[in-house]
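**Q** Residue 5 is where the sequence shown starts when you use my numbering, and the numbers rise one by one after that.
C-beta atoms are modelled at their ideal positions from N, C-alpha and C, and glycine is treated no differently.
Please read these numbers as outputs of a predicted model, since none were measured by experiment.
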Amino acid sequence: MSIGDPDHAETKSAAAAAVPSGRWMLARWAIASSTLGFPQAAGPVAFALVAVALTGDASGGAAMILAMTLAQVAGAIPLTRLGRGFAMATFLRLLVAVRTVALVAIAVGAASGVSLAWLIALAAGAGLVNGAAYGYLRAVLNRLAPASGLSRALGIAATLNELTFVAAPVVASGLGSISPVFGIVAMAALGALPALLVPNLGPAAAASGEGADEASHRAAGSILRPAILLWLLCAAAGGATVAAIEIGAVALALNFGYQPALAILFTVLLCIASVAGGLWVSVRNRRAPRGVVVAQLVVMSSGAALAASCHSVATTLAGAILIGLVLAPLATHYSLILDSLAPPHRRPEVFALLRTANASGVILASAMLTAASLSTALLVIAGVMAVATLAVGIASARRR
Numbered sequence: 005m006s007i008g009d010p011d012h013a014e015t016k017s018a019a020a021a022a023v024p025s026g027r028w029m030l031a032r033w034a035i036a037s038s039t040l041g042f043p044q045a046a047g048p049v050a051f052a053l054v055a056v057a058l059t060g061d062a063s064g065g066a067a068m069i070l071a072m073t074l075a076q077v078a079g080a081i082p083l084t085r086l087g088r089g090f091a092m093a094t095f096l097r098l099l100v101a102v103r104t105v106a107l108v109a110i111a112v113g114a115a116s117g118v119s120l121a122w123l124i125a126l127a128a129g130a131g132l133v134n135g136a137a138y139g140y141l142r143a144v145l146n147r148l149a150p151a152s153g154l155s156r157a158l159g160i161a162a163t164l165n166e167l168t169f170v171a172a173p174v175v176a177s178g179l180g181s182i183s184p185v186f187g188i189v190a191m192a193a194l195g196a197l198p199a200l201l202v203p204n205l206g207p208a209a210a211a212s213g214e215g216a217d218e219a220s221h222r223a224a225g226s227i228l229r230p231a232i233l234l235w236l237l238c239a240a241a242g243g244a245t246v247a248a249i250e251i252g253a254v255a256l257a258l259n260f261g262y263q264p265a266l267a268i269l270f271t272v273l274l275c276i277a278s279v280a281g282g283l284w285v286s287v288r289n290r291r292a293p294r295g296v297v298v299a300q301l302v303v304m305s306s307g308a309a310l311a312a313s314c315h316s317v318a319t320t321l322a323g324a325i326l327i328g329l330v331l332a333p334l335a336t337h338y339s340l341i342l343d344s345l346a347p348p349h350r351r352p353e354v355f356a357l358l359r360t361a362n363a364s365g366v367i368l369a370s371a372m373l374t375a376a377s378l379s380t381a382l383l384v385i386a387g388v389m390a391v392a393t394l395a396v397g398i399a400s401a402r403r404r
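Structure follows, in structure tokens:
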């Protein structure tokens, strides 16, 4: 075929036109990924303001968050399996729609002055779909990005997610100061964006198979193999470590004799470090070798140990920075390694388990900070992180 062939020129033109389209779809996916977590990021503040308006006690907001998180853990696998026969994007939209309806119901209930028990039940309904929605959204990325671009896409998503977790409480607080209902409405509106943004992959892109023989995948049995459980353990330990800093920030400030408002020092530095880690992953754009991952886990364990020492503000802040720096690289690695370990038709399920493991870590941190002293809770969580690091180190040594 000659260079001047019109067919050749048309092919080149079509290929060139496809690149911006692909980039636009990836951009839509990244925004969908960041807004999917907005209700969870804004929930602690928004729910607390609603609870205070109804009962005069912010603890009702904590109960709503706990119900949302427990429901997420309970619903992740059943709902993910329920969607196997649907196109992934279609089922994701359905899950987001269910959550949006539940959040709108919370706003209406709060405005009507219903009992806190009803709001807790509705919060559980909103949280029920979170794990499955994340699993399907992450599986959609495999259809949009080539394997060589997954690290960059996940790094960008991690960076945007951290910005969401910084901005969401501010938005909820600002709107909630006008009316607590406004904060819930913002959660519902922004949390609904993934349903509008997720690219339509067509009827062929179902979760039950990606061109592979489904019977052979079923023969593989349970997905909870040791190799997968190892990284789920790491995700849970990392989630607990981060949550210990974020949830315990006020307690840390009080422990060092500062005003509660200065708790923002610990959370903001952790988020800034995490954004820097996400940018590093995006620029590097390749999967880290096992030795680097072990080193990153050691850094997170060291950060957890520094925070648990409660020696001084400086050491605790240094611990928060160390945790934040490796948060995005480790999260990206967990997603990539589980992507390679999971059978194609069960990827949404495995990614839902990844989100569930992270939520389980948050539950552990919340329970420890509630039931034990600050120093004891931080020590236990640092120990869990050290165990996960040791487990990966031993597995790497055996592999070699």
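What are the boundary residues of the alpha helix (DSSP H) that includes Ile385?
**A** As a position in the sequence shown, residue 385 is number 381, starting the count at 1. Note, Ile385: alpha helix (DSSP H), 378–403.
**Q** Taking 8 Å as the cut-off, decide whether the C-beta atoms of Ser370 and Ala247 are in contact.
**A** Sequence index remark: in the sequence shown, residue 370 carries index 366 (1-based). Sequence index remark: in the sequence shown, residue 247 carries index 243 (1-based). It is a contact, given that the beta carbons lie within the stated cut-off.
**Q** Can you tell me the Cα-Cα spacing of Leu154 and Leu40, whole angstroms?
**A** By one-based count along the sequence shown, residue 154 stands at place 150. By one-based count along the sequence shown, residue 40 stands at place 36. Going from the Cα of Leu154 to the Cα of Leu40 covers about 19 Å.
**Q** With H, G and I counted as helix, E and B as strand and the rest as coil, what does DSSP make of Val118?
**A** Taking the sequence shown and counting its residues from 1, the one referred to as residue 118 is at position 114. Coil at Val118, not helix or strand.
**Q** If distances are taken between C-alpha atoms only, which option among Val202, Gly139, Gly387, Ala125 comes closest to Trp28?
**A** Here residue 28 corresponds to residue number 24 of the sequence shown, with the count starting at 1. Nearest C-alpha to Trp28: Val202.
**Q** Distance, Cα to Cα, Ala196 vs Ala34?
**A** Mapped onto the sequence shown, residue 196 falls at position 192. Mapped onto the sequence shown, residue 34 falls at position 30. If you take the alpha carbons of Ala196 and Ala34, they lie about 14 Å apart.
**Q** What's the call for Pro43, buried or exposed, on a 16-neighbour Cβ count within 10 Å?
**A** Here the question's residue 43 lines up with position 39 in the sequence shown. Buried, because 16 or more other Cβ atoms sit within 10 Å of the Cβ of Pro43.
**Q** How far does the alpha helix (DSSP H) with Pro43 in it extend, from its first residue to its last?
**A** To locate residue 43, count along the sequence shown from 1; it is residue 39. First-last of the alpha helix (DSSP H) with Pro43: 42–59.
**Q** Three-state secondary structure (DSSP) at Gly252?
**A** In the sequence shown, residue 252 corresponds to position 248, counting from 1. Note: Gly252 maps to coil in three-state DSSP.
**Q** Nearest by alpha-carbon distance to Gly387: which of Ile398, Cys275, Leu310 is it?
**A** Within the sequence shown, residue 387 is the residue found at index 383, counting from 1. The shortest C-alpha separation from Gly387 is found at Leu310.
**Q** Which class does Arg103 belong to by DSSP, given the choice of helix, strand or coil?
**A** Stepping through the sequence shown from its first residue, residue 103 is reached at position 99. The answer is helix: DSSP assigns Arg103 an H, G or I state.
**Q** Count the other C-beta atoms from every protein chain shown that fall within 10 angstroms of the C-beta of Gln263, then say buried if there are 16 or more, exposed otherwise.
**A** As a first step, residue 263 must be located in the sequence shown, where it is residue number 259. Looking at its Cβ environment, which holds fewer than 16 other Cβ atoms inside 10 Å, Gln263 is exposed.
**Q** On a Cα-Cα basis, can you pick out the residue from Gly87, Asn259, Gly139 that is closest to Cys314?
**A** In the sequence shown, counting from the first residue as 1, residue 314 sits at position 310. Of Gly87, Asn259, Gly139, the residue nearest in Cα terms is Asn259.
**Q** Pick helix, strand or coil for Phe260, following the three-state DSSP scheme.
**A** On the sequence shown, position 256 is the one that residue 260 refers to. Note: Phe260 maps to coil in three-state DSSP.
**Q** List the whole-angstrom C-beta distance separating Val54 from Ile182, where the pair is believed to meet the contact cut-off of C-beta under 8 Å.
**A** Within the sequence shown, numbered from 1, the residue matching residue 54 stands at position 50. Within the sequence shown, numbered from 1, the residue matching residue 182 stands at position 178. That pair is no contact at about 13 Å.
**Q** Are the beta-carbon atoms of Gly365 and Leu331 separated by less than 8 Å?
**A** The sequence position of residue 365 within the sequence shown is 361, counting from 1. The sequence position of residue 331 within the sequence shown is 327, counting from 1. Going by C-beta atoms, Gly365 is not nearer than 8 Å to Leu331.
**Q** If you reduce the DSSP assignment to three classes, tell me which class Asn146 lands in.
**A** Sequence index remark: in the sequence shown, residue 146 carries index 142 (1-based). In the structure shown, Asn146 sits in a helix (DSSP, three-state: H, G or I).
**Q** How big is the Cα-Cα spacing for Asp11 and Ser152?
**A** Working through the sequence shown from its first residue, we reach residue 11 at position 7. Working through the sequence shown from its first residue, we reach residue 152 at position 148. Confidence in Asp11 is poor, its pLDDT being 44 and thus under 50, which makes the residue's placement unreliable; the coordinate value appears in the next sentence. Approximately 29 Å, taken between the alpha carbons.
**Q** Does DSSP put Asn204 in a helix, in a strand, or in coil?
**A** As a working mapping, residue 204 is identified with position 200 in the sequence shown. Here Asn204 sits in coil by DSSP.
**Q** Cβ atoms of Ala199 and Ala121: under 8 Å apart, would you say?
**A** The residue you call residue 121 lines up with position 117 of the sequence shown. The residue you call residue 199 lines up with position 195 of the sequence shown. Cβ distance not < 8 Å, so Ala121 and Ala199 don't count as in contact.
**Q** Measure the CB-CB distance between Leu123 and Ala114 and report whether it falls below 8 Å.
**A** Against the sequence shown, residue 123 aligns to sequence position 119. Against the sequence shown, residue 114 aligns to sequence position 110. In this structure, Ala114 lies closer than 8 Å to Leu123 by Cβ.
**Q** Using 10 angstroms around the beta-carbon of Ile398, count the other beta-carbons present and answer buried if the total reaches 16, otherwise exposed.
**A** Counting from one through the sequence shown, the residue named residue 398 turns up at place 394. Looking at its Cβ environment, which holds fewer than 16 other Cβ atoms inside 10 Å, Ile398 is exposed.
**Q** Would you give the residue range spanned by the alpha helix (DSSP H) that Cys275 belongs to?
**A** Taking the first residue of the sequence shown as position 1, residue 275 is located at position 271. Note, Cys275: alpha helix (DSSP H), 268–288.
**Q** From Thr393 to Ala57, what does the alpha carbon distance come to, in whole angstroms?
**A** The residue you call residue 393 lines up with position 389 of the sequence shown. The residue you call residue 57 lines up with position 53 of the sequence shown. For Thr393 and Ala57, the distance between alpha carbons rounds to 44 Å.
**Q** Is Asp61 buried or exposed, if buried means 16 or more other CB atoms sit within 10 Å of its CB?
**A** As a first step, residue 61 is located in the sequence shown; it is residue number 57 there, counting from the start. Exposed is the call here.
**Q** Would you call the CB atoms of Ala356 and Thr168 closer than 8 Å?
**A** Along the sequence shown, one-based indexing puts residue 356 at 352. Along the sequence shown, one-based indexing puts residue 168 at 164. No, they are not a contact pair.
**Q** DSSP three-state call for Pro347: helix, strand or coil?
**A** Position 343 of the sequence shown holds residue 347. Coil, per DSSP.
**Q** Flag this pair as touching only if the region 164–179 and the region 286–301 have three or more C-beta atom pairs under 8 Å; answer yes or no.
**A** In short, these stretches do not touch, since the Cβ pair count stays below three.
**Q** Determine the direct distance from the alpha carbon of Thr94 to that of Ser377, and round the result to whole angstroms.
**A** The residue given as residue 377 occupies position 373 in the sequence shown. The residue given as residue 94 occupies position 90 in the sequence shown. Between Ser377 and Thr94, the C-alpha separation is close to 46 Å.
**Q** Measuring alpha carbon to alpha carbon, tell me which of Ala71, Arg291, Arg88 ends up nearest Leu342.
**A** The count along the sequence shown starts at 1 and reaches residue 342 at position 338. Per the Cα distances, Arg291.
**Q** Could you compute how far the alpha carbon of Leu274 sits from the alpha carbon of Thr59?
**A** For the purposes of this step, residue 274 is taken as residue 270 along the sequence shown, with counting starting at 1. For the purposes of this step, residue 59 is taken as residue 55 along the sequence shown, with counting starting at 1. Each residue's Cα considered, the two are about 33 Å apart.
**Q** When you compare only the Cα positions, how much space is there between Val384 and Arg97?
**A** Locating residue 384 in the sequence shown gives position 380, counting from the first residue. Locating residue 97 in the sequence shown gives position 93, counting from the first residue. Approximately 39 Å between the Cα atoms of the pair.
**Q** Should Ala111 and Ala71 be called a contact, given that it needs their Cβ atoms to be closer than 8 Å?
**A** The residue you call residue 111 lines up with position 107 of the sequence shown. The residue you call residue 71 lines up with position 67 of the sequence shown. In this structure, Ala71 does not lie closer than 8 Å to Ala111 by Cβ.
**Q** Quick test of your reading: Leu358 and Ala312, contact by CB under 8 Å. State the CB separation rounded to the nearest angstrom.
**A** Numbered from its first residue, the sequence shown carries residue 358 at position 354. Numbered from its first residue, the sequence shown carries residue 312 at position 308. The Cβ separation is near 25 Å, so there is no contact.
**Q** Counting only the same chain and skipping the five closest in sequence on each side, list residues whose C-beta sits under 7 Å from that of Ala109.
**A** Position 105 of the sequence shown, counted from the start, is the residue given in the question as residue 109. The answer, listed in chain order, is Leu126.
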